[in-house]
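Below: one structure, written as C-alpha cells.
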Amino acid sequence: TSRIQDDSLPWAQRAQALRFILHFIGDIHQPLHTEHAQLGGNRIKVLFHGHEANLHSIWDSKILESHRGKPTERGIISFTNDLQSRIESGEYKSEASLSNWGKCLNTSRAEECALVWAGGANRWVCEYVLKDGEEGVEGQELGGEYADGAVGIIEKSIAQAGYRLAGWMNMLVTGRDGLDEGIGRDVNGWEVLEGVKEGLEEGDREVEEQVREMERERERERGFEGLRVQY
C-alpha cells in the first residue's frame, strides 16, 4: 500500500505493488490461507467426487467450480452480478456496511486490517473447515454434504473480499479513508483514477518487458548449457 502511494517510485514498481494488493486481499479471505496446520491443508488428502485431492485445493477452487461450473467470462460476470446484488439489496446488505465488513478500511493501518480480515477467515477453520479435526476430513469424500455446506461460506468470503478490495482501491485513488469518501463521491475522483490508470498501464508495460527480458535471458542460459554439454 505504501509503495503504491509513494510518488517517488517508478510506475513499474507501483504497478507491481498493486498486483500484490489485488492478489493478497482476495487470498486472505480463503480460510486455509490463514491456517498453519498441515501447510494450510495442503498435506490433508481427501476425495472430491471420487478423485484424489487435498483440502486446500478444494477450498481454493474445486468446491465452487463444482457448484457453479468452470470459470468462463460469462460465468464470472454472472457470479459478480449475483454477489453485487446480494451486497446491495440481498442477504449481505446488513453486513456490507462501514460498521461491519468495512470496519477496518484504513490505508494507514494496513497490517492491522490484514490481521483483522485474516482472523475472520480463520474463524471458519474452527467452525466448519476442520470442525471435527483433521481426522474428520482426512481420506474422506467431501464432494457431497461437506461441499454443499461450504458453498455459502466461500461465496460470502468472496463477497467480503470484493467489498473490501473496492474500498481499498477507492482510498488509494482518492487518498482518503472510508468507503463513503470513495471514488463514487469524489468530484475529482474520475480524473484522479484516469491519471493513476495511465501510470499503472505504463508501469505494467515496463513490468511485462522486464519479464520478457528475464525469459530471454533464461533461454540464452539454456543455450549455453547445451553448448557446454555438447563440448
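All the letters of the sequence shown, read from the start, carry residue numbers 32 to 262 under our numbering. Positions of the beta carbon are idealized from the N, C-alpha and C atoms, including for glycine.
Which of helix, strand or coil does DSSP assign to residue i?
| i | result |
| --- | --- |
| K187 | helix |
| V204 | helix |
| L53 | helix |
| H98 | helix |
| H64 | helix |
| N153 | helix |
| H87 | helix |
| E233 | helix |
| Q168 | The displayed chain sequence assigns Val, not Gln, to residue 168. It is coil, neither helix nor strand. |
| L70 | helix |
| L136 | coil |
On the criterion of 16 or more Cβ atoms from any shown chain inside 10 Å, does residue i qualify as buried, or is it exposed?
| i | result |
| --- | --- |
| E186 | buried |
| N201 | buried |
| G174 | buried |
| G47 | Checking the displayed sequence, the identity of residue 47 turns out to be Gln instead of Gly. Buried: at least 16 other Cβ atoms inside 10 Å. |
| F51 | exposed |
| G170 | exposed |
| K93 | buried |
Under 8 Å Cβ to Cβ from residue i, same chain only, skipping five residues before and after it: list those, please.
| i | result |
| --- | --- |
| A192 | I56, G57, I59 and H60 |
| G164 | none |
| E21 | The structure shown does not extend to residue 21, since the chain is modelled only from 32 to 262, so the question has no answer here. |
Grab me the residues of residue i's own chain with a C-beta within less than 7 Å of its C-beta, minus the 5 sequence neighbours each way, in chain order.
| i | result |
| --- | --- |
| E126 | W132 |
For residue i, which residues of its own chain have a beta-carbon under 6 Å away from its beta-carbon, when the five flanking residues on both sides are left out?
| i | result |
| --- | --- |
| L196 | I56 |
Does the stretch 86-93 come within contact of the stretch 60-74, defined as at least 3 CB pairs closer than 8 Å?
yes
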